[in-house]
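Engineer: Reading the sequence shown from the start, the letters are residues 59 to 370 in this note's numbering.
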Amino acid sequence: MTLNRTQPLRIGTRGSPLALAQAHETRDRLIAAHPHLAAPGAIEIVVFKTTGDRILDRTLAEAGGKGLFTKELEDALLDGRTDLAVHSMKDVPTWLPEGLEIATLLPREDTRDAFFSRGGHTVDTLPAGSVVGTAGLRRQAQILERRPDLKVVPFRGNVQTRLAKLDAGEVDATLLALAGLRRLGLTDRITAVLEHEEMLPAVAQGAIGIEIRSSDDATRALLAPLNCAGTAARVTAERALLAMLDGSCRTPIAALSTLDGDRLHLKAKVLSNDGRQVFRAERRGLAGDAAAIGADAGAEIKAVLPPGFFQA
Ligand SMILES: NCc1[nH]cc(CCC(=O)O)c1CC(=O)O
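1. Figure out for me which residue from L164, T169 and L324 has the closest Cα to the Cα of E83.
2. Between which two residues does the alpha helix (DSSP H) carrying D318 extend?
3. According to the Cβ coordinates, are R166 and T294 closer than 7 Å?
4. From F174 to L344, what distance separates their C-alpha atoms?
5. Using the C-alpha atoms, what's the distance from L184 back to G267?
6. If you draw a straight line from the C-alpha of L303 to the C-alpha of F367, how long is it?
7. Determine the contact status of E296 and S272, defining contact as a CB-CB distance below 7 Å.
8. For R220, count neighbouring C-beta atoms within 10 Å of its own C-beta (all shown protein chains included) and say buried if the count is 16 or more, exposed if not.
9. The beta strand (DSSP E) with E269 in it runs from where to where?
10. If distances are taken between C-alpha atoms only, which option among A355, L233 and A226 comes closest to R196?
11. Kindly indicate which three-state DSSP category V181 falls into: helix, strand or coil?
12. Give the range of the beta strand (DSSP E) segment to which L322 is assigned.
13. Which residues share a DSSP beta bridge with V105?
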């Protein structure tokens, strides 16, 4: 098969600064692997506004529904308006639409969360009753697990908006994924980087996935040299856990797998929203068994969850 194309390769992306940085990283990696794609017009970046970009006044769990950041990109792929879609894998629902697949995982960024506070406080030194702004139930639950005396309030908007709200005193602290901050070059204002023991990341946090039509062998071949096998194994394990738990986005789930050679180590945690109930599982195995490792850890947690634990 020839990798030369007569049509431009069309990359679908959201328009947020982080999404654009990830689309540009994808374009740059494609050009590095296939120099002819550097020609003017060989790659087009097509920007879409997703439902998740429109809803800024509610938390995403309240907005309900899955795929808030992906649906418009996937519709464009399915209609043939684009050839690939670039996603933060953290935002990609467990089940993809029929006819689409994640073809490639780029090398994963740092998976930790960054903590920002006024007055340089860490999670442990924040005065009782301090207000932490976060949109995510996973962060809310883990903050309250450690500090039940803090108050967590919903908080959305892009990085700059959130930091402005912090400066204005609307909240005393907030959290953001370090991966996004690194990609945007916005790490200078971080108060503390939270280690995994303190804040286990979201499934696939820090990973960029590239989605294509399953029938599109030409684009799959173009993307093949960009795939990071280690990231793919880790994301496979974490997403298999999610699939087994079948968790709605209203239940806090955190997971992280790491690789040491071909040995994969998965840690997973499901919490109640108030952080008072915590269920954990841990598994080790071969990277080649990533899907089974994730499913197995998910099944262990599922077996001990009280009936009705997952909210609709
Ligand atoms: N939910 C939004 C979102 N999706 C991916 C990232 C960060 C980048 C990543 O984890 O890959 C963020 C922002 C955040 O959580 O701070």
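The C-beta atom is built at its ideal place from N, Cα and C for all residues, glycine as well.
Model, not experiment: these values are computed from the prediction.
Structural biologist: Here's the rundown:
1. L164
2. Element bounds for D318: not the alpha helix (DSSP H) but the beta strand (DSSP E), I311 to D318.
3. no
4. For the pair F174 and L344, the Cα-to-Cα distance works out to about 37 Å.
5. 36 Å
6. 11 Å
7. no
8. buried
9. I266 to R271
10. L233
11. coil
12. Its beta strand (DSSP E) spans residues R321 to L329.
13. T71
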